[in-house]
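Chemist: Chains as they are written, first to last, in numbering that gives the first Met the number 0: chain A, 0 to 116; chain B, 0 to 101; chain C, 0 to 414; chain D, 0 to 170. All C-beta atoms in this analysis are idealised placements derived from N, C-alpha and C, irrespective of residue type, glycine included. Quantities reported herein were computed from a predicted structural model and do not represent experimental measurements.
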Amino acid sequence: MNPWIFVGVFLLVAGALPAFALLFAKYLGPRRPAPIKSETYECGVETHGPTWVQLKAQYYVYALVFVVFDVELVFLFPWAIVYARLPLYVALEGALFLLILAGGLVYVWRKGALEWA
Amino acid sequence: MVPLSWYLVFSAALFSLGLFGVLARRNAVAILLGIELMLNAANVNLVAFWRYMAPARMGGQVFVVVVFAVAAAEAAVGLALIISFARLRGSVDADQADLLRG
Amino acid sequence: MIQPGDLIASLGSWLQRFLLSLGLAPSLVSLGVALLPAILLPVISLMTAIPLIWLERKWVARLQDRIGPNRVGPFGVFQVFADMVKIFTKEDLIPQGADKIIFSLAPVLAMAGVIGVWAVLPFAADVYGVNLNVGALYVIAVGTFGMLAILLAGWSSNNKYALLGAYRAVAQLISYEVPMVLTLLVPVMLAGSMGLNDIVRAQGNGWFVFLAPLAAIIFMIAAQAEVGRAPFDLLEAESELVAGFNIEYSGMKFGFFYVAEFLHSFTFGALGATFFLGGWLGPGSETFPMLGVVYFLIKSFAVYFVFVWTRGTFPRIRIDQMINLSWKLLTPASLGLVALIAVVHRATQATPPLLQAVVLLGANLFVFFCALLVMRSMGRMARERSTAPRPGSGSGKTTDPGQGAVARPASASGD
Amino acid sequence: MALAQILFLIVAALGVLAGLMVVTVRNLLHAALWLIVALFAVAVLFAMLDAGFLAVIQVVIYIGAIAILIIFAIMLTRREALTAGPQDNRLWPVAGTLCALVFLGLAWSASNFAGAQSGPAKLPASDALVALGTALVSPDQYVVPFEVASVLLLAALIGSVAIAGDRNPSK
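(1) May I have a chain-ordered list of the alpha helix (DSSP H) segments no shorter than 4 residues that lie completely inside the segment 45-123 of chain C?
(2) Tell me the residue span of the alpha helix (DSSP H) that contains residue 16 (chain D).
(3) Any idea if residue 188 (chain C) is buried or exposed, counting beta-carbon neighbours within 10 angstroms, 16 or more meaning buried?
(4) So residue 13 (chain D) and residue 36 (chain D) are in contact, right, with Cβ under 8 angstroms, and what is the actual spacing, rounded?
(5) Is there at least one Cβ from chain A nearer than 9 angstroms to residue 346 (chain C)'s Cβ?
(6) Taking 9 angstroms as the CB-CB cut-off, is residue 63 (chain D) touching chain C?
(7) How far does the alpha helix (DSSP H) with residue 92 (chain B) in it reach, from first residue to last?
(8) Can you name the residues of chain D whose CB is closer than 8 angstroms to the CB of residue 65 (chain B)?
(9) Fully enclosed by the segment 271-323 of chain C, which alpha helix (DSSP H) runs are 4 residues long or longer?
(10) Specify, as a first and last residue, the run of the alpha helix (DSSP H) that residue 8 (chain B) falls within.
(11) Tell me, which residues are paired with residue 126 (chain C) by DSSP?
(12) Run through the DSSP bridge pairs and tell me what residue 26 (chain B) is partnered with.
(13) For the alpha helix (DSSP H) containing residue 244 (chain C), name the first residue and the last one.
(14) Based on Cα-Cα distance, which residue from C:346, C:341 and C:349 lies nearest to residue 95 (chain A)?
(15) Report buried or exposed for residue 93 (chain D), applying the criterion of at least 16 other Cβ atoms within 10 angstroms of its Cβ.
(16) DSSP three-state label for residue 92 (chain A), please.
(17) On a Cα-Cα basis, can you pick out the residue from D:91, D:42 and D:101 that is closest to residue 7 (chain D)?
(18) Going by CA-CA distance only, name the one from A:38, A:82 and A:16 that's closest to residue 347 (chain C).
(19) Is residue 338 (chain C) near residue 370 (chain C), with beta carbons less than 9 angstroms apart?
(20) Pick out whichever of C:166, C:303, C:319 and C:133 has its Cα sitting closest to the Cα of residue 148 (chain C).
(21) Could you tell me whether any Cβ in chain B is nearer than 9 angstroms to the Cβ of residue 126 (chain D)?
(22) With a threshold of 9 angstroms between beta carbons, is residue 157 (chain D) in contact with chain A?
(23) For residue 121 (chain D), which three-state DSSP category applies?
(24) Taking just the CA atoms, how far does residue 70 (chain D) sit from residue 380 (chain C)?
(25) What separation, rounded to the nearest whole angstrom, lies between the Cα atoms of residue 32 (chain B) and residue 373 (chain C)?
(26) Determine, using beta-carbon pairs with one atom in the segment 119-127 of chain C and one in the segment 213-233 of chain C, whether at least three such pairs fall under 8 angstroms.
(27) For residue 43 (chain D), which of helix, strand or coil comes out of DSSP?
(28) In chain C, what lies closer than 7 angstroms to residue 63 (chain A) by C-beta?
(29) Of all Cβ atoms in chain A, is any one closer than 9 angstroms to the Cβ of residue 47 (chain D)?
(30) Can you tell which of A:100, A:114 and A:18 has its C-alpha closest to the C-alpha of residue 255 (chain C)?
(31) Since residue 243 (chain C) contacts residue 86 (chain C) with CB under 8 angstroms, what's their CB separation in whole angstroms?
(32) Starting from the C-beta of residue 133 (chain C), find all residues in its chain whose C-beta is less than 7 angstroms away, skip the five residues before and the five after it, and write them out in chain order.
(33) Taking C-beta to C-beta, are residue 275 (chain C) and residue 208 (chain C) nearer than 9 angstroms?
Structure below.
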């Protein structure tokens, strides 16, 4: 049997359990809607201005670096499985791969893009 | 058993939708979403052919892995360009991107 | 026929025979029996949260010289049930202007992202949901649902503070995902497989925490940050963000975010035990799988206790310190560690295992001391900068010189 | 109809529906969320094609990284996006017709070439993951793409940070 069938069923159940609990709780609890209740909560002060606050551009830079380091996994995990069975230069290839990426990190660091401002 | 053509037709549908997004949308980020759809359609094709035609040769999977890297690089640089452009011109409309026009 | 050792396997075969005797089709029965764990295991994991919440509240209370829950039942053991009753019967509030579907979807995703990990956890030699050959990556993949849940929750609440909290939370999660994944690479490298059960078996000659202690430490720090607990609980910094991304959530929906956090912490404890402490390995665990479950739980709770201990001990760090710790210390250290371990591990393969272990340990210590040196120089630079008189600005912001690692390093901007 | 076929049809329908929503929904953030659904459907198809590694990677990279990056970018540019007029190009009917024609052509050729109705080939006994790793690092196979990918990622990192990391863009 394809093990992914198991995973699929598992994930479905894992999602269905909380979903059913939410439905259950919805009908168990009282329902007396009032406009004051559903107002946005900001520590008692009325909310002002648009809700969609601008994302800090700094977060975006972290996301960029993260994406690049996340993608290297695609290459590193298959390499990590096999390098011990292959000649030494394979391990060096992987190390070179990592060093090139580390160069990118050094560049970003030197440019000051990692600083929290 | 699912025949190979089903996967290919699905991939064709996804590709066409992505193409439509790229052609019809004005927002540059939305165009990028369309491109991601197209790349995924290509990936489905590659994996389907790998599985149905030559599962012993890993060329198909390696190609998909490279497409992942390219997609990530494209998204990173593309979105950076869009954001930079939005700061410069106050717009994300792809039709407004005519800085190079003489 | 029934051995005490493989209780679960014999239960499964008994069920299979029982269903066959009812006259059901054999193929249907075997499929049903194979998929039964897929239905039971999520329920079990959800139930685990109940004692977990009580246990952690008691632990943290003791660590902070408090008593903790002690009103409902002996030692307050029924406190969680009381909370459940309360939370179940609360009104289901959706704030105005919220994106209703996404708002309700987010807590479900948060739970699914935690429970999903349990599909691959090896509780014993033959007690596991499924032994995926990509188990380690599967753990990370399922974890991304939790990240998505936070972003969706913050965005759909129609609340500035929720959105700000979500931005912060996601920035933290993505920052710590890099060192987390890189350190997960180390057990995969040493075991030569991504399957969690294979990783456990590969530790028969020595737990990976001894071969790669630095990887285990970085994993622990990153796990604490991924769960978002003190000292990394910036996502719910009350004084700045009111409550974080879940500010508008109440009742059961909030309850799921709460349960997900506790369960997530324990799940990382179980993962730490699997990847670094030999999982279910222990004397007699091969012949009596049930004993393996006991070992596994003991080790999981040991790691989990360290998480709780950390949570109860450290104060919250500042956001710039949090970001710096990940990108300027943990990520470079784990990058170097992975590269060094790969070369050393491969080069010493022909040598006796003990020598290899010693060399690997040496490589870890080398990277560790390099990281320490970097930390020291960074801390020194920060101290010099903070003590140097700055024109125009008073002594408004002083960096903390004692915390060399996380203090603001000098901005080494080249431009 | 076999179970696998029903499963495929459900997943494929979900994927196509999500793809349609991606290109038609007005709210960009909803479009990005529909993109996540479409990507997940593709991941499920990968799992059905016995490419478990790619399925997991699809979730980690696409949903966990690229989609998050896109959502961040949408949040960053939403002020600019709000000022824009219509979301669609004036020529969208032409584009729609063109894409329908492309789809028909592709679908026709996909279901009519020799081997279109063939079943899956027999999987080799060895672990596909090990084979993939070996193929990626063997000098006679794909080691050059492996290292070039690293350089590509480096270039992408440097390029995007240089473009987006500018603190004070000249307005």
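Modeler: Straight from the coordinates:
(1) 78-87 and 99-114
(2) 2-23
(3) buried
(4) 7 angstroms
(5) yes
(6) yes
(7) Per DSSP, residue 92 (chain B) belongs to no alpha helix (DSSP H) and is neither H nor E.
(8) 144 and 148
(9) 288-312 and 318-323
(10) 3-23
(11) C:123
(12) B:92
(13) Here residue 244 (chain C) belongs to no alpha helix (DSSP H), and DSSP marks it neither H nor E.
(14) C:341
(15) exposed
(16) helix
(17) D:42
(18) A:82
(19) no
(20) C:166
(21) no
(22) yes
(23) coil
(24) 36 angstroms
(25) 41 angstroms
(26) no
(27) helix
(28) None at all; the shortest Cβ gap to chain C is about 10 angstroms.
(29) yes
(30) A:18
(31) 18 angstroms between Cβ atoms; not a contact.
(32) 193
(33) yes
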